[in-house]
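Quick note, the sequences are listed as chains A and B, same order. Under this note's numbering, the final residue of the first sequence carries the number 408; numbering is consecutive throughout. Under this note's numbering, the final residue of the second sequence carries the number 408; numbering is consecutive throughout. Since the structure comes first, as structure tokens, the remarks are kept for the end.
There are 2 protein chains.
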Amino acid sequence: MGIAERKEKQKNEIRQLILDASMKLFVEEGFDSITIRRIAELIEYSPTTVYLYFKDKDEIFYALHDLGFEKMSEFNHNLDTIQNPLIRMHKMGENYLRFGMEYPEFYSLMFIMGEPMKKMSELGCDWKVGDAALGRLKETVTDCMEKGYLAKGDPYQVSLAVWSFVHGLVSLAIRQRLEKFVPDEKMLLPTMEQALNWFMNNIDITERKRPA
Amino acid sequence: MGIAERKEKQKNEIRQLILDASMKLFVEEGFDSITIRRIAELIEYSPTTVYLYFKDKDEIFYALHDLGFEKMSEFNHNLDTIQNPLIRMHKMGENYLRFGMEYPEFYSLMFIMGEPMKKMSELGCDWKVGDAALGRLKETVTDCMEKGYLAKGDPYQVSLAVWSFVHGLVSLAIRQRLEKFVPDEKMLLPTMEQALNWFMNNIDITERKRPA
DNA sequence: TTGGAATATTTACATTGTTAAGTAAATTTG
DNA sequence: CAAATTTACTTAACAATGTAAATATTCCAA
């Protein structure tokens, strides 16, 4: 079936073309600039051709959302060498903040916008990429508990808390809710990192053993 | 100037009519159902009449966003009688979670969507409602520090952290990012409250003074 | 009464996602 | 190889949207 195979490959090539074009619009001109017509223009096909490769616009969003998770995992390559689980977790949080601030559009798609999730629940799927990411956090949290850095408890519960915290910071920041709070844009990420430090200090129980 | 006054009043009446219609659509059919044409239909005017009272759609969103803050402050009436600042802060957090889960559309407008903020920065305004709400949190945080419940430090910094935490919970929940994590929808709010408990326990330094 | 301001509507435009119908080329089939 | 069919794509069109310009109506003061 060499022919069917080549066909398949070509189909995927155009799919990729569409995604590349969407990405380009996404990154260079922001979210609202992704229109079927502009995508078509970029890939030099007619608008309706896009629908031969994606059922609707939301399906494109979902694909981009997936790409976002790939990009985020690149940010986490620096975790492998860190032995101390609490420091690893801290670094993980910093990476998360940095990713969100550097790629706010991706972040929106991954963690804020409704469209990708709607598409996903249509397909009966279960947000594999998101759960995988959360799974890595859970491992680290478990490790922290075993080694006595965090109070023993439900690692899921604690993972949810940690995730919520950093997500809260990023999503408030990229949706302009901290502008009055942190007027100087350059101070945004540092302020968020400081908040993370405070948080990590508070949940670390090793400190409590030291006398005041 | 009795006449000009009545005129003014009538103008405001129609403005109010428009906002009421928007609210109705908002609450009963969700965000995307707010269209100028449907608003016009409800108030029995032509679509373009709406533009005599609001410059554009975003200005309506901004007004609704303001109403959301009013509604949220209703949720906080139960705080007045609480003496202990840490418990007050805890309750404040619970109220925040409950408000977000009960009025997700309002919450989106207030803390997630870009439109109201865009309109605001056009007007050179400074998110008074948001800052006021954060101000009340800051007071409580300061109170907690003075009374020895929280480690002394920058109250703004800590307020940001607390706010980010609860915002993270709510925004993940209402944007369907916790569905796999908490499959049973009824467990959503309880799980979030549990996370808040964990958080409050961790930042409360009075506990540290007790021996393990 | 009349002229002008305030208020409202009609018409229109550009943009959007998406569907239906049509076409030309490639492929399969007899 | 010729006919039939499938594939890949385009053209045309629809319905909904936000919004602007032109037009009509209402209303009050001179």
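Ideal Cβ placement from N, Cα and C applies to all residues, glycine included. Predicted model, so just to flag it, every value in this text is computed and none were measured.
| Check | Outcome |
| --- | --- |
| Inter-residue Cα distance where the pair is F222 of chain B and G264 of chain B | 12 angstroms |
| Cβ contact check for the segment 236 to 243 of chain B and the segment 289 to 307 of chain B: 3 or more pairs under 8 angstroms | no |
| I182 of chain B - DSSP class collapsed to helix/strand/coil | What is shown of chain B runs 197 to 408, which leaves residue 182 of chain B out entirely. |
| Proximity of V337 of chain B and M383 of chain B at Cβ, strictly below 8 angstroms | no |
| G364 of chain B: contacting residues in chain A (beta-carbon distance under 8 angstroms) | W359, S360, F361, V362, H363, G364, L365 and S367 |
| N- and C-terminal bounds of the alpha helix (DSSP H) containing I308 of chain A | Per DSSP, I308 of chain A belongs to no alpha helix (DSSP H) and is neither H nor E. |
| Per-residue contacts from G289 of chain A into chain B (C-beta, under 8 angstroms) | Under the 8 angstroms cutoff, chain B gives no residues; its nearest Cβ is about 12 angstroms from G289 of chain A. |
| DSSP-derived helix/strand/coil call for G198 of chain B | Unreliable positioning characterises G198 of chain B in this predicted model, as indicated by a pLDDT of 47, which lies under 50. The coordinate reading is nonetheless provided below. G198 of chain B: helix per DSSP, three-state reduction. |
| Top-ranked residue by Cα proximity to R294 of chain B, from B:M313, B:P312, B:N272 and B:E318 | B:N272 |
| From A:G226, A:E225 and A:Y247, residue whose alpha carbon lies closest to that of K232 of chain A | With the sequence shown as reference, residue 232 of chain A is identified as Ile, and Lys is not the correct amino acid for it. Of A:G226, A:E225 and A:Y247, the residue nearest in Cα terms is A:Y247. |
| The segment 378 to 398 of chain A contacting the segment 373 to 383 of chain B, beta-carbon criterion three pairs below 8 angstroms | no |
| Where Q372 of chain B sits in the DSSP three-state scheme | coil |
| Own chain partners of T387 of chain B with C-beta closer than 7 angstroms, once the 5 adjacent residues on each side are dropped | V378 |
| Identity of the residue in A:T277, A:N208, A:Y258 and A:D400 nearest A347 of chain A by Cα | A:D400 |
| Whole-angstrom distance between E209 of chain B and L215 of chain A, CA atom to CA atom | 49 angstroms |
| Cβ contact (3+ pairs, closer than 8 angstroms) linking the segment 327 to 344 of chain B and the segment 354 to 369 of chain B | yes |
| Backbone CA spacing between K207 of chain B and I256 of chain B [nearest angstrom] | 15 angstroms |
| Nearest to M297 of chain A (by Cα), restricted to the options A:E389, A:M396 and A:G320 | A:E389 |
| Within-8 angstroms CB hit, K376 of chain B to chain A | yes |
| Cβ neighbour criterion (16 or more within 10 Å) applied to D276 of chain B | exposed |
| Chain B contact for G296 of chain A (CB, 8 angstroms cutoff) | no |
| 6 angstroms CB neighbourhood of A217 of chain B in its chain, flanking five on each side removed | I235, L238 and I239 |
| Members of the segment 203 to 226 of chain A that neighbour chain B once the beta carbon cut-off is set at 8 angstroms | none |
| Nearest neighbour of D350 of chain B, chosen from A:Y258, A:W394 and A:D254 [CA to CA] | A:W394 |
| Per-residue burial, E224 of chain A [other beta carbons within 10 Å of its own, 16 or more giving buried] | exposed |
| Reduced DSSP category for T231 of chain A - H, G, I as helix; E, B as strand; rest coil | coil |
| Cβ-based burial, A328 of chain A [other Cβ within 10 Å; buried from 16] | exposed |
| Exposure label - R406 of chain A; buried when at least 16 CB within 10 Å | Bear in mind that the predicted position of R406 of chain A carries a pLDDT of just 44, short of 50, making it unreliable; the figure below should be weighed with that in mind. Exposed. |
| Reduced DSSP secondary structure (H/G/I, E/B, other) of N272 of chain A | coil |
| Same chain, Cβ closer than 7 angstroms to H363 of chain B, five either side skipped, listed in chain order | F307 |
| Buried or exposed (CB count within 10 angstroms, at least 16 for buried), D254 of chain B | buried |
| Within-8 angstroms CB hit, G310 of chain A to chain B | yes |
| CB contact check: G326 of chain B to chain A, cutoff 8 angstroms | yes |
| Neighbour list for V354 of chain A in chain B, Cβ cutoff strictly below 8 angstroms | W394 |
| Any chain B beta carbon closer than 8 angstroms to I283 of chain A | no |
| Residue from B:M313, B:E342 and B:E270 whose Cα sits closest to the Cα of N291 of chain B | B:E270 |
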